[in-house]
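Working notes, beginning with the structure itself.
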Amino acid sequence: MSIESENMKKREMTGNLIHRLDPRAKLLSLVGLLVAVVLSNPPSVIPQFNPSTFFPYLFVILLLLSLATISKISLITLLKRSMVVIPFSIVVALFLPFFGNGDVVVDLVFGSLTLSSHGINTFVGVVVKSYVCVMCVILLTMTTPFPSIIKALGWLRVPETYLQVLSFLYRYMFILMEEVTNMKRARDSRNPNRVRRMWYIKTAGLIAGTLFIRAYERGERVYSAMVSRGYEGRMPSLGRMKMGMKDWIFMCMFITVSAYILV
Amino acid sequence: MRAIEVNDVWYRYPNQKEYALKGINFEVEEGEKVAIIGANGAGKSTLLLHFNGILKPERGEIKIMGGSDVKWMRSKVGLVFQNPDDQLFCPTVFEDVAFGPLNMGLPEEEVVKRVEKALKAVGLSENSGVKWGDRAPHHLSYGERQRVAIATVLSMGVDILILDEPTSNLDPKMRESLMELLLTFPHTVVVATHDIEFAAEVCERIVVMDKGEIVEEGVAERILSDGELLKSVGLKAPTIVRIFEELGIDEKPVRFHDGVEILRRLKQIRINQRGEGPTM
Ligand SMILES: Nc1ncnc2c1ncn2[C@@H]1O[C@H](COP(=O)(O)OP(=O)(O)OP(=O)(O)O)[C@@H](O)[C@H]1O
Ligand SMILES: [Mg+2]
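Respectively, the protein sequence lines represent chains F and H.
Residue numbering for the first sequence follows numbering that gives the first Met the number 0, starting at 0 and increasing by one per position.
Residue numbering for the second sequence follows numbering that gives the first Met the number 0, starting at 0 and increasing by one per position.
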C-alpha cells in the first residue's frame, strides 16, 4: 500500500541529500518557512494587479520544487498532491471577499452585498498561502519516514501522549482499513443479487458499528500486550539524532528565505 | 521451584453468566514443557491471559516463580498472543522487537544485539536480502507477523515462554524450526494448541481442557495415545497413533520418530523371519 511502499522508497533513497538530513532540521526549517508564509502580507490583485507581490510565493515554490528535484521526487506528484487543499481553502475563504473593509469594488445588491478590495486580496492570499504551506508539509513527509517525524516532534517537546496517539493512528489505520475491507467483502460475497441501495446503506451502518466495537476491544488487547512487555506510559526510543554541518546550512538557508518573505 | 502454580482459579468474562474457567488447578515445574490442548472455546486463551496478570481470577490464585505480584509476573513471563495484530503496535518490526528490552532499561548495543538474535531465531535475519527490521508489521504476511510476535518476546529473555496457537499460520518449514527453537529453549514453555502433532513433538506433559475445566493431564505418551479421551473433548489423536491403532499394534508411539523406529524394528523382524523360513 502507498505509505508502506513510500517508506521503502524513502529508505532506498537514503543516499539523497534531503532524505539524509536530520529530521529535526527539516521539521524546523519547513515549519519556520510555513509560519513565515502565513504571516506574510497577502499579494495584491485589486485595485491594482501587482505581480511583484506574488514573487515571494513563486520563489518558495521554486525552492521547494528544486529541493524535490534534488531528492528525486516526482514534481508532478508534489504539485498534484498539494492541490488537494485548494477546494478546502476556497470553501473556507469563500466569504472573505464579502467582509473586510476597504473600498467597494463590486456592488451586488445595492450596497448590502458588496465585494471589497481588501476582502478579495485576502481571499487570493489564503488560497495561495495554503497551497504553498501544504506543499511544504508534503515535501517534508515525502522525504522523511513517519517514525522519524514523530521522533523529531518528540525532541521539540511535543507532548508524549499526543505523539503516541499519532503513531498508533499510523499503525492501526491499516488494520482498521483491512477490517473494513474484509467486512465489506464478507457482506458482498453473501449477497449474490446486489443492487438495493437501501440495503447497502443499512449494512454500512452495521459495519461502522461493528468496526467501532472491534477497534475498542483491539485497543484493550494491544494495551495489555504493551503492559506485558513492560510499558509504563512512555514509549522508549532507540538511536540518537545528530545535527551535522549540512543540517545547519539547510536551516540557515530556510531562515534567510523566511526572512525574505516576511519583509 | 515451581514455575507456575494455579490454585482453584475461577474466571468469568464481564457481563457473562457462564464461567470461562471453572476451578483450574495445575502446576508447571521449572524447565518443563507443557501443552494445553482443547477444542475451540475450551478456555485455553483465557487461562494463558492469567499467567501475566492481564486477567485476574475471580476466585483462587496464581503464582509465577513463587510470586503473584503483577510486575513480577510480567518480568518472568513472555506471552505471545493468539492474534499477532494485538501484539505488534510499533511502526517498524525492529522497534517492536526492541520495545520489551528497551523498557527493561538495557543499554542500546545490548538491545540491538538482542533484537538481531531474536529475529534470527524466527528466521527473519537481516542477511536474507530483505531488511525485515525496517518493514512495517501491518504489511507482512500473517505467518511473518506471527514470527515477529514470537521474536518480540524472545528478545526479552524471559524465564517462561507462553505461546497461544503458535503454529496456526506457519508454513511447514517454519513450524519445524519453531519446534526446534522450543526444544532447545532452556526454560519453561507452555503452549496452547490444537496442533496435536506439534504438542507431541515439543511437550513432555499434556493438559487437556474442556469447557473451562481440566479433564485430564499427564505425560504425552499416555494422553495422546488415548484416542477415546481426545475424541470426547473434540480432538483427535496424532496420525501416527491412529495408524498404529488401525493396524492393531500394541505399542502406541506419539512422536513421529518413535513410530518410525518401531516400524523399522518390525520390518527387520519380518526380514529375519523370512530369512529363517524355507527359502524360495
Ligand atoms: N472477551 C470475551 N468476552 C466474553 N466471553 C469471552 C471473551 N473471550 C472469550 N470468551 C468466551 O470464553 C470461553 C473460552 O474462550 P477462550 O478464548 O479461552 O477459548 P480457547 O480455548 O482459547 O479457544 P480457541 O481454541 O478457539 O482459541 C469461550 O466460550 C468464549 O466464548
Ligand atoms: Mg484461544
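Just so it is clear, CB atoms sit at the ideal spot from N, CA and C, and this is done for glycine as well.
The beta carbon of Ile53 (chain H) sits closer than 8 Å to the beta carbons of Leu78 from its chain, once the five residues preceding and following it are set aside; these are given in chain order. In this model, Phe87 (chain F) and Val125 (chain F) are separated by some 11 Å (Cα to Cα). Residues of chain H whose Cβ lies closer than 7 Å to the Cβ of Tyr169 (chain F) are, in chain order, Pro90.
Using a CB distance cut-off of 7 Å, Ile212 (chain F) does not count as an interface residue toward chain H. The region 81-90 of chain H and the region 213-227 of chain F touch, with no fewer than 3 CB-CB distances between them shorter than 8 Å. Ligand 2 has a heavy atom closer than 6 Å to the beta-carbon of Ser44 (chain H). According to DSSP, residue pairing for Val103 (chain F) in a beta bridge involves F:Ser115. Straight-line spacing of the CA atoms in Ile137 (chain F) and Arg80 (chain F) works out to 8 Å. Straight-line spacing of the CA atoms in Leu139 (chain F) and Thr121 (chain F) works out to 27 Å.
Remark: three or more beta-carbon pairs, one from each stretch, lie closer than 8 Å, so the region 179-186 of chain H and the region 144-163 of chain H are flagged as touching. Less than 7 Å separates the beta-carbon of Ser154 (chain H) from that of Val114 (chain H). For Gly217 (chain H), there is no enclosing alpha helix (DSSP H); the enclosing beta strand (DSSP E) covers residues Glu212 to Val218.
Taking 7 Å as the CB threshold, Ile174 (chain F) lines the interface with chain H. Short note on Gln81 (chain H): C-beta closer than 6 Å to some heavy atom of ligand 2.
Taking 8 Å as the upper bound for CB-CB distance, Leu63 (chain F) and Met134 (chain F) are in contact here, some 5 Å apart. Sorting F:Val105, F:Arg156, F:Thr142 and F:Leu26 by C-alpha distance to the C-alpha of Ile45 (chain F) places F:Val105 at the top. Taking C-beta atoms as the reference points, Ala150 (chain H) and Ala117 (chain H) count as a pair closer than 7 Å. Annotation for Gln15 (chain H) indicates a beta carbon within 6 Å of some heavy atom of ligand 1. For Gly99 (chain H), the enclosing alpha helix (DSSP H) stretches over residues Val92 to Asn102. Contact annotation: in the region 162-179 of chain H, no residue has its CB less than 9 Å from a CB in chain F. A Cβ-Cβ contact shorter than 7 Å links Ile23 (chain H) with Ile213 (chain H). DSSP places Arg254 (chain H) in the coil class of the three-state scheme, outside both helix and strand. Flagged as an interface residue toward chain F: Met103 (chain H), by a C-beta distance shorter than 7 Å. Nearest CB-CB separation between Ser88 (chain F) and chain H: not below the 7 Å threshold.
Here Ile174 (chain F) is buried: its Cβ has 16 or more other Cβ atoms, across all protein chains shown, within 10 Å. Scanning the region 173-214 of chain H from its first residue to its last, the whole beta strand (DSSP E) runs of 3-plus residues come out as 187-192 and 204-209.
Residue-level contact by beta carbon fails for Asn14 (chain H) and chain F, as no gap is shorter than 7 Å. If only uninterrupted alpha helix (DSSP H) runs of at least 4 residues are considered, those enclosed by the region 30-58 of chain H are 43-49.
Per DSSP, reduced to three states, the secondary structure at Ile159 (chain H) is strand. Distance check between Tyr169 (chain F) and each of H:Ala198, H:Thr91, H:Ala199 and H:Ile239 places H:Thr91 closest, using alpha-carbon atoms only. What Asp85 (chain H) touches in chain F, judged by beta-carbon distance under 7 Å, is Arg217, Arg220, Val221 and Ala224, going in chain order.
Counting only the Cα atoms, Leu223 (chain H) lies some 20 Å from Gly40 (chain H).
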